[in-house]
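To start, the structure itself, in structure tokens.
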Amino acid sequence: MAQLLWDPSADSTALLDDYFGKFYPGTTQSTRSFYEHLERAFSNIKAIKHYVELAESPIKSYCLSNELNGMAKNLFPLMSLQYEESHPVTDDGLDMVEVMSEIELARKALNQSLLNCTDAIERRRLLEDEQRFAYGEATLHLFNHLVR
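Right, here's the structure in full:
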């Protein structure tokens, strides 16, 4: 993975194939699918859990958790983060229902890896992944429950 930092022209697909093939040899496909869904699910996490600075807007910054704390009338004022799936011409981002769908797909892929894994070392790696994932998954389920 560090090769990408030193050589931006490196073949990222080949590097990922090598990584998943060596680190998760018995569950390569499902574990890679897990990480792909996880990456997609968290692609808009900054607006959900942290702050997004808004240069040309009456709102100077946005954070969903702060909007929930303040009981805002419109929890989703950003075009890039709506609750229902939307695809504006500009500023399109993963919306909350899309995030939750990706989280569900990530969970299914990880569960499949855990079911198929027969190697003790690989299983420990997957269980570590599951433990870290469970925290983020629970956090997103909480936010989703609060906004509904």
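Each residue of the sequence shown is one higher than the one before, counting from 1 in my numbering. Glycine included, every Cβ here is placed at the ideal spot set by N, Cα and C.
Quick check on Glu102: buried or exposed, where buried means 16 or more other Cβ atoms within 10 Å of its Cβ? For the purposes of this step, residue 102 is taken as residue 102 along the sequence shown, with counting starting at 1. Glu102 comes out buried.
Alpha helix (DSSP H) runs contained entirely in the region 41-75, provided each spans 4 or more residues: Within the region 41-75, the complete alpha helix (DSSP H) segments at least 4 residues long are 45-49, 64-69, listed from N- to C-terminus.
Between Glu130 and the rest of its own chain, which residues show a CB-CB distance below 8 Å, the 5 nearest in sequence each way excluded? As a first step, residue 130 must be located in the sequence shown, where it is residue number 130. Cβ within range, chain order: Leu110, Leu114.
Using only CA atoms, which one of Ser12, Tyr135, Asp91, Arg148 lies nearest to Asn44? Numbered from 1 along the sequence shown, position 44 holds the residue referred to as residue 44. Checked all of Ser12, Tyr135, Asp91, Arg148; the closest Cα to Asn44 is Asp91.
How would you call His37, buried or exposed, if buried means at least 16 neighbouring beta carbons within 10 angstroms? Stepping through the sequence shown from its first residue, residue 37 is reached at position 37. His37 sits buried, since 16 or more C-beta atoms from the chains shown fall within 10 Å of its C-beta.
Neighbourhood of Pro88 by C-beta, 7 Å cutoff - its chain only, sequence neighbours within 5 removed: Here residue 88 refers to the residue found at position 88 when the sequence shown is read from its first residue. So the list reads Met79, once near-sequence residues are dropped.
Please list the terminal residues of the continuous alpha helix (DSSP H) segment that includes Ala26. Translated into positions along the sequence shown, residue 26 becomes position 26. Position check: residue 26 holds Gly in this sequence, whereas Ala was assumed. First-last for Gly26: undefined, no H or E at that position.
Under the three-state DSSP convention, the category Leu94 falls into: Against the sequence shown, residue 94 aligns to sequence position 94. Of the three classes helix, strand and coil, the one that applies to Leu94 here is coil, per DSSP.
So is Leu94 buried or exposed if we call it buried at 16+ other beta carbons inside 10 Å? Numbered from its first residue, the sequence shown carries residue 94 at position 94. With 16 or more other Cβ atoms within 10 Å, it is buried.
Are the beta-carbon atoms of Tyr62 and Leu54 separated by less than 8 Å? Taking the first residue of the sequence shown as 1, we reach residue 62 at position 62. Taking the first residue of the sequence shown as 1, we reach residue 54 at position 54. Cβ distance < 8 Å, so Tyr62 and Leu54 count as in contact.
Determine the burial state of Phe23: buried for a count of at least 16 other Cβ atoms within 10 Å of its Cβ, exposed for fewer. The residue labelled residue 23 in the question sits at position 23 within the sequence shown. Per the 10 Å Cβ criterion, exposed.
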